[in-house]
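Chains as they are written, first to last, in this note's numbering: chain V, 52 to 500; chain H, 52 to 500.
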């Protein structure tokens, strides 16, 4: 039997974990610096919490957990039942599909323990029974920060600062694209197709991928007239700086109250961030709609400038996140970092700092048991200084020990034989240069300072 | 609809997460210091990997995942099928039940990428469909470190050092109990009940809980004769220091090769650790068998000295971990930290360091939008120094802002009104003493140094 794991899932080896930890630790420190606090929710939620929250397609992609024990008890005449109703009887729990719905459930369930505005972050795996393909997994991590219970645009500003700081720390130059759903509403209002706003935003969202001609075709298919599409055209082709775009938009949207509100919100965010020396470029991008029918204000998306990769972060403001669980009137704004894509970008650009990889700094290689015993206090002294130190646990076979050091990318090996013991030293071998030197404990400790 | 989570699962609030992170971070740093590297495996494993590895009872406690899509396809005549065979048809995956079996599967699957001895740690949730009760959850975290591919007792020594260092960092005084399965084998050999070794160790393991009389009764029930039990008695009542116990044991076990091997192994471990100034007490405890039929050499268990709590860590040496997946002859030794119990002990003893709780250090409270704008560069300067700083995102309502600070245990609030702006200062309020002072940016930065 050759062991394997379910398709679409992954093992993470030490080398991969070190990189993933670097990513998550970096993001976490920035979240924390802004007062966001971590929560975790269970992998399993009641199906009543999950079902109906992700559309019909989403319901199908939920991993469902079989009830324990004799799950067929009370199920009669299986042949006459639909799969949906049978499933309901034999499964009551499902695996988390995203972090947003469990977060909404958490906020409602713990509303009396929470102080609003509530700034939480959450980094956990989610599971989707999607067809696995390159870059799409059935188990993957989401990494979200949200503020709920505050309408203030200051929250948007702080999320932009967080994005900017995270990518500054990674050394990835990004474009922070920003839009506002209210502007999209304004546009559909102006062209007289308010009822079609979802179709319009979904089509606009595809502009980058399928081009303006196909978007036009899609809009036509959705019943938007040629006249309306013509009105849309100049808006989609808006050019210039952000403030140029905003002033052009203002003249187009002047009669739309909601459109003007969207412009005002964007202006506020741009003004604040200008004061704050945001390092990365911010770009007003009207084509940014992020498919979701979900955002009500700001919409964010982040792209890496020097790597071939789709969006590596995204988010926005939403209303009424918790309404479906019975708590009305809670608005929120959030951002999600795409860990798998960031992982690939850091690889592409070779940006992992060497010291993020938690390598062992020194291996002790011994010729016999006396040597091992001699080495232990040295190891203790090194570790007390926080230096990651290992001893190869078996004596002898120097080649094996050196190859262990090689495989683990350990830069120094302290070789101990009887000569070294007599001299109260070790023979320190630099694994990169091959250079060797006899050194005493103090000398060794100094080497790592 | 009142939202809830499946029974036996938990949400972790920010306060709980901070404590849990403190626990895991502390343990991780010590693991890393000894060259252990982290891996992660998927939450879902193929049922073929999991089934039959935890006994019949364990198989029942696996959470099974329903196949996606029309899972009843090809299932005919449900009524005539046993639940077991029906389950097999509609479910192919299960949730991780522990970290050991997935680790064994990982080692076999990745054997060509791994350099042995392989020192890995793993901290992930596991799921068991056990009846939930106080302190027993259906989702809980395991926190394991193992070395596989080395027989050297040095590994045992390093695990003792790791245990000692972890609890030293927590400030929890512990007894590190140690035994050796080979000694237990030797004892059953000496009393002529070698075939009963499992019964004997299971019974011995209960000595603490049910007392010597009930253990005697249980042994009788298992068919161990009064004569044999009489031979066992003095061994169970062994007294004195570790070396006194060992020398008494030596005279009893002198004719048992395996028993003497066990004694020699323990002596080696005690000798090594004596050199290493282990801070916590180590105790040879022959009653330590840890139920498991699984250990072949050293057996460890850790108890907190000043708290009411069962074992908070445990582990030991096992042979042939990976044999069931086709890789023979790999021995290993490991230790598992009980995070939930450590959490409770740290609470009982009030040992969480204040600075482990990631509190925001200062909140900016503003009377208006101009004040908010005035505050942003201050926040930026503080955060650049690594100081966790927040601004209440809405202007006005000072009481609300102060109560937010109170709820989040934020020690300082910087109040900004027009007077403060004119003076280029903030009014810094110490939330514990109530003391207030006008302070400029440099003064504020210095305050947190």
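Just so it is clear, CB atoms sit at the ideal spot from N, CA and C, and this is done for glycine as well.
Remember, it's a predicted structure, so these values are computed and weren't measured experimentally.
**Prompt:** Going along the chain, which residues of the segment 84-100 of chain H sit with their C-beta nearer than 8 Å to a C-beta in chain V?
**Reply:** Legend: CB atoms of the segment 84-100 of chain H lying less than 8 Å from CB atoms of chain V belong to residues 84, 85, 86, 88, 89, 90, 91, 92, 93, 94, 95, 96, 97, 99, 100.
**Which of helix, strand or coil DSSP assigns to residue 486 of chain V** = coil
**Request:** Please check if any C-beta of chain H sits within less than 7 Å of the C-beta of residue 411 of chain V.
**Result:** yes
**Message:** Please report whether the beta-carbon of residue 156 of chain V lies at a distance below 7 Å from any beta-carbon of chain H.
**Reply:** yes
**Request:** State the Cα-Cα distance for the pair residue 293 of chain H and residue 323 of chain H, rounded to the nearest angstrom.
**Result:** If I take the Cα positions, the gap works out to 14 Å.
**Request:** Counting only runs of 3+ residues fully inside the segment 181-248 of chain V, write out the beta strand (DSSP E) ranges in chain order.
**Result:** 190-199, 225-231
**Prompt:** Going along chain H in order, which residues have a C-beta closer than 7 Å to the C-beta of residue 159 of chain V?
**Reply:** 54
**Request:** Spell out a yes or no on whether the segment 409-427 of chain H and the segment 456-470 of chain H are touching, meaning 3 or more CB-CB pairs, one atom from each, closer than 8 Å.
**Result:** yes
**Message:** Less than 7 Å between the beta carbons of residue 348 of chain H and residue 230 of chain H, yes or no?
**Reply:** no
**Request:** Enumerate in chain order the residues of its own chain whose CB-to-CB distance from residue 170 of chain H is below 8 Å, with the five nearest sequence positions on each side excluded.
**Result:** 85, 86, 87, 88, 196, 197, 198
**Simplified DSSP assignment, three categories, for residue 328 of chain H** = coil
**Within chain V, partners of residue 164 of chain H - CB distance below 8 Å** = 64
**residue 179 of chain H versus residue 177 of chain V - alpha carbon distance** = 19 Å
**Asked** Is the shortest distance between the beta-carbon of residue 496 of chain V and the beta-carbons of chain H less than 7 Å?
**Response** no
**Request:** For the beta strand (DSSP E) containing residue 500 of chain H, list its first residue and its last residue.
**Result:** It is not in any beta strand (DSSP E) - residue 500 of chain H carries neither H nor E in the DSSP assignment.
**Chain-ordered neighbours of residue 327 of chain V on chain H, where CB pairs are closer than 8 Å** = Chain H residues near residue 327 of chain V: 427, 428, 431.
**Message:** Does the contact criterion of 3 or more C-beta pairs under 8 Å hold for the segment 275-286 of chain H versus the segment 232-242 of chain H?
**Reply:** yes
**Message:** Given this structure, state the Cα-to-Cα distance separating residue 126 of chain H from residue 330 of chain V, to the nearest angstrom.
**Reply:** 60 Å
**Three-way DSSP call (helix, strand, coil) for residue 360 of chain V in this model** = coil
**Message:** By the 9 Å beta-carbon criterion, what residues does the segment 438-449 of chain H contribute toward chain V?
**Reply:** 438, 439, 440, 441, 442, 443, 444, 445, 446
**Prompt:** When burial is assigned at 16 or more other CB atoms within 10 Å of the CB, is residue 437 of chain V buried or exposed?
**Reply:** exposed
**Prompt:** Can you give the beta carbon distance from residue 515 of chain V to residue 478 of chain V, rounded, assuming they're within the 8 Å contact cut?
**Reply:** Residue 515 of chain V lies beyond the residue range present for chain V, which begins at 52 and ends at 500; the question has no answer from this structure.
**Request:** Step through the CB atoms of chain V and report whether any lies within less than 7 Å of the CB of residue 501 of chain H.
**Result:** Residue 501 of chain H is absent from the model: chain H starts at 52 and stops at 500.
**Message:** Measuring straight from C-alpha to C-alpha, what distance separates residue 62 of chain V and residue 92 of chain H?
**Reply:** 5 Å
**Prompt:** Going along chain H, which residues have a C-beta under 8 Å from residue 190 of chain V?
**Reply:** 93, 94, 95
**Request:** Measure the C-alpha to C-alpha separation of residue 319 of chain H and residue 442 of chain V and round it to an integer number of angstroms.
**Result:** 17 Å
**Asked** Looking at residue 185 of chain V and residue 334 of chain V, is the spacing between their C-beta atoms short of 7 Å?
**Response** no
**Buried or exposed by the 16-neighbour rule on C-beta atoms within 10 Å, applied to residue 290 of chain V** = Residue 290 of chain V is exposed by the Cβ-count criterion.
**Listed by chain order, chain V residues near residue 455 of chain H by CB distance under 9 Å** = 166, 167, 168
**Prompt:** Who are the neighbours of residue 136 of chain H on chain V, taking C-beta pairs under 8 Å?
**Reply:** Neighbours of residue 136 of chain H on chain V: none; closest Cβ ~12 Å, over 8 Å.
**Request:** Just the C-alpha distance for residue 332 of chain V and residue 94 of chain H, rounded to the nearest angstrom, thanks.
**Result:** 39 Å
**Request:** List the residues of chain V that residue 423 of chain H touches, going by C-beta distances under 7 Å, in chain order.
**Result:** Here the neighbours are 205.
**Asked** When Cβ atoms are compared, which residues of the segment 66-77 of chain V fall closer than 9 Å to chain H?
**Response** 66, 67, 68, 69, 71, 72
**Item:** Cβ separation of residue 148 of chain H and residue 98 of chain H, assumed to be a contact under 8 Å, to the nearest whole Å
**Value:** That belief does not hold up - the Cβ atoms of residue 148 of chain H and residue 98 of chain H are roughly 11 Å apart, past 8 Å.
**Message:** List, in chain order, every chain V residue whose beta-carbon is nearer than 7 Å to that of residue 463 of chain H.
**Reply:** In chain order: nothing, as chain V lies at least about 13 Å away.
**Request:** Sort out for me which residues DSSP pairs residue 481 of chain V with in a bridge.
**Result:** V/463
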